[in-house]
Amino acid sequence: MDPRSEVLLRQAELFKGPVLLAGLPADDLLGSLPDARAWSWHAGDQAALEARFAGRSHYGVEVPPVAFDGAVLFLPKSRDLANYLLNALASRLGGRQLYLVGEKRGGIEGAAKQLHAFGKPRKLDSARHCQLWQVTVDTPPEAQPLESLAQRFELPLAEGPLQIVSLPGVFSHGRLDRGSALLLDNLEQLPVGHVLDFGCGAGVLGAAIKRRYPQSRVTLLDVDAFAVASSRLTLAANGLEGEVIAGDGIDAAPRELNVILSNPPFHTGVHTNYHASETLLKKSADHLKKGGELRLVANSFLRYQPLIEGALGNCMIRDEGQGFRIYQATRT
């Protein structure tokens, strides 16, 4: 069981009623708290929770429309996202308890200071390298519409400026990361057809592809509900059409693709996790048409070339700079 869940269960008497668990891991916690409900924004966790605890977990970017007497937020990596989630939960909890749990190395002590906006917080427990905090919401805030917290920026592309809409918690929130910038400079001569933007984030690559290759069909895929919402806002802001789907990894993607384009993730919260990226590379041939192309950017220290060669039989370094490489391979 996740150590954060173990800390909660040390105080299990506090969570016997209808409590909402926000951002919880996909472990046995719901089984130990039969009256609890879950709110997840990670498609993989949601699928696992739904399979084991059907009907008790909600996936999305807004507080689920269910009744609850208290709420626990599992601290996310992003401070901006934590602000949004705490505000959203506290707005529903006037006079009741809001809890915050997280790992010490994830910044739980600093994040607990954010609870002062709602009342006087107190630390309930410290164990398993985690802490559990509680606050009675004396001053419930007005709920902030998520879109009001979006950051917008413009990319000056050759085809015209592209508006990017980024929501809290999304990768490289409010700015263009160096890896994606390098990949944007390497979009020439892509096959026309069905293009997948894997790990789409705010939709930068997918929107740029649709702008440059308007005859192509674009699908954007991400595990994170906030990224999915961001990508839809980015497409709408530019009057572009595209399918945006939530799913955990390449298994959720369409097949018979002409192009897989990606700046693949390798972090989950505060932890390093290469599984989604390595699975993408190993299974790329299953999703590409014959003659289809994989083109991605990755940190230079990541040994992706052998994985790509193992899957597709070829791989070239198309470009590199600022610690990144562009890999290109074709399904023969």
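Residue numbers for the sequence shown follow the UniProt record's numbering, so the first one is 1 and each next one is one higher.
Idealized CB from N, CA, C, for every residue including glycine.
Quick check on residue i: does DSSP put it in helix, strand or coil?
{"i": "Leu66", "result": "Reading the sequence as shown, one finds Val at residue 66 and not Leu. Coil, per DSSP."}
{"i": "Leu190", "result": "coil"}
{"i": "Tyr59", "result": "strand"}
{"i": "Ser91", "result": "coil"}
{"i": "Pro3", "result": "helix"}
{"i": "Glu256", "result": "coil"}
{"i": "Ser180", "result": "helix"}
{"i": "Ala36", "result": "coil"}
{"i": "Lys283", "result": "helix"}
{"i": "Arg295", "result": "strand"}
{"i": "Asp27", "result": "coil"}
{"i": "Leu146", "result": "helix"}
{"i": "Phe198", "result": "strand"}
{"i": "Tyr84", "result": "helix"}
{"i": "Glu241", "result": "coil"}
{"i": "Pro161", "result": "strand"}
{"i": "Pro140", "result": "coil"}
{"i": "Val270", "result": "In this predicted model, Val270 has a pLDDT of only 45, less than 50, meaning its place in the structure is not dependable; the value taken from the coordinates is given anyway. The answer is coil: DSSP assigns Val270 none of H, G, I, E or B."}
{"i": "Thr332", "result": "coil"}
{"i": "Gly17", "result": "coil"}
Please name the residue, chosen from the options, that lies closest to residue i on a Cα-to-Cα basis.
{"i": "Tyr304", "options": "Val137, Lys290, Arg295, Glu278", "result": "Glu278"}
{"i": "Leu187", "options": "Leu176, Arg211, Gly199, Cys200", "result": "Arg211"}
{"i": "Ala117", "options": "Val204, Gly31, Leu89", "result": "Leu89"}
{"i": "Arg122", "options": "Leu167, Arg128, Val137", "result": "Val137"}
{"i": "Ala276", "options": "Leu124, Ala253, Ala208", "result": "Ala253"}
{"i": "Asp28", "options": "Thr234, Asp45, Leu312", "result": "Asp45"}
{"i": "Lys289", "options": "Ile317, Pro265, Asn258", "result": "Asn258"}
{"i": "Ala311", "options": "Thr332, Glu6, Pro76", "result": "Thr332"}
{"i": "Ala43", "options": "His173, Asp222, Gly160", "result": "Asp222"}
{"i": "Arg295", "options": "Tyr274, Glu320, Thr330, Leu307", "result": "Thr330"}
{"i": "Gly94", "options": "Ala112, Arg325, Arg79, Gly119", "result": "Gly119"}
{"i": "Arg325", "options": "Ser180, Phe171, Glu256", "result": "Ser180"}
{"i": "Asp251", "options": "Asp125, Leu115, Leu196, Arg96", "result": "Leu196"}
{"i": "Gly70", "options": "Gly31, Pro18, Leu115, Ala112", "result": "Pro18"}
{"i": "Arg10", "options": "Ser126, Leu176, Leu21, Ile245", "result": "Ser126"}
{"i": "Gly291", "options": "His194, Ala38, Gly31", "result": "His194"}
Out of curiosity, what's the CA-to-CA distance linking residue i and residue j?
{"i": "Leu155", "j": "Leu182", "result": "13 Å"}
{"i": "Ser40", "j": "Ala236", "result": "25 Å"}
{"i": "Phe198", "j": "Asn299", "result": "16 Å"}
{"i": "Phe68", "j": "Pro214", "result": "46 Å"}
{"i": "Gly23", "j": "Ser57", "result": "10 Å"}
{"i": "Gln144", "j": "Arg178", "result": "31 Å"}
{"i": "Lys283", "j": "Val66", "result": "39 Å"}
{"i": "Ser91", "j": "Phe226", "result": "20 Å"}
{"i": "Ala82", "j": "Val61", "result": "12 Å"}
{"i": "Gly110", "j": "Pro191", "result": "48 Å"}
{"i": "His271", "j": "Gly247", "result": "Annotation note: pLDDT 48 at His271 (below 50); position unreliable, coordinate value reported separately. Rounded to whole angstroms, His271 to Gly247 spans 20 Å at the Cα level."}
{"i": "Leu233", "j": "Glu50", "result": "27 Å"}
{"i": "Asn87", "j": "Gln134", "result": "15 Å"}
{"i": "Val72", "j": "Phe15", "result": "9 Å"}
{"i": "Val297", "j": "Leu33", "result": "43 Å"}
{"i": "Gly203", "j": "Glu147", "result": "15 Å"}
{"i": "Met316", "j": "Gly249", "result": "24 Å"}
{"i": "Arg52", "j": "Met1", "result": "15 Å"}
{"i": "Arg255", "j": "Leu307", "result": "20 Å"}
{"i": "Leu8", "j": "Leu132", "result": "7 Å"}
{"i": "Leu162", "j": "Asn238", "result": "7 Å"}
{"i": "Gly242", "j": "Leu124", "result": "47 Å"}
{"i": "Leu21", "j": "Arg4", "result": "12 Å"}
{"i": "Glu13", "j": "Val170", "result": "35 Å"}
{"i": "Ala208", "j": "Glu293", "result": "17 Å"}
{"i": "Leu220", "j": "Phe153", "result": "19 Å"}
{"i": "Asp319", "j": "Leu281", "result": "18 Å"}
{"i": "Leu157", "j": "Phe301", "result": "29 Å"}
{"i": "Pro265", "j": "Glu142", "result": "34 Å"}
{"i": "Glu159", "j": "Gln97", "result": "51 Å"}
Mind checking residue i: buried by the 16 CB within 10 Å criterion, or exposed?
{"i": "Ile260", "result": "buried"}
{"i": "Ile164", "result": "buried"}
{"i": "Asp185", "result": "exposed"}
{"i": "His287", "result": "buried"}
{"i": "His129", "result": "exposed"}
{"i": "Pro76", "result": "buried"}
{"i": "His267", "result": "Residue placement at His267 is flagged as unreliable, the pLDDT there being 48, under the threshold of 50; a coordinate-derived value is accordingly withheld."}
{"i": "Glu103", "result": "buried"}
{"i": "Asp35", "result": "exposed"}
{"i": "Asn263", "result": "buried"}
{"i": "Phe74", "result": "buried"}
{"i": "Gln322", "result": "exposed"}
{"i": "Ala54", "result": "exposed"}
{"i": "Gln189", "result": "exposed"}
Taking residue i and residue j to be in contact with their CB atoms under 8 Å, please state how far apart those CB atoms are, rounded to whole angstroms.
{"i": "Val218", "j": "Gly201", "result": "In fact, because the Cβ distance is near 14 Å, the residues do not count as touching under 8 Å."}
{"i": "Ser231", "j": "Pro168", "result": "Contact flag wrong, Cβ pair sits at about 15 Å."}
{"i": "Ser172", "j": "Gln151", "result": "10 Å between Cβ atoms; not a contact."}
{"i": "Tyr84", "j": "Leu149", "result": "6 Å"}
For the ligand COA, is there a heavy atom less than 6 Å away from the beta-carbon of residue i?
{"i": "Leu281", "result": "Questions concerning the ligand COA fall outside what the structure shown contains, since it holds no ligand whatsoever."}
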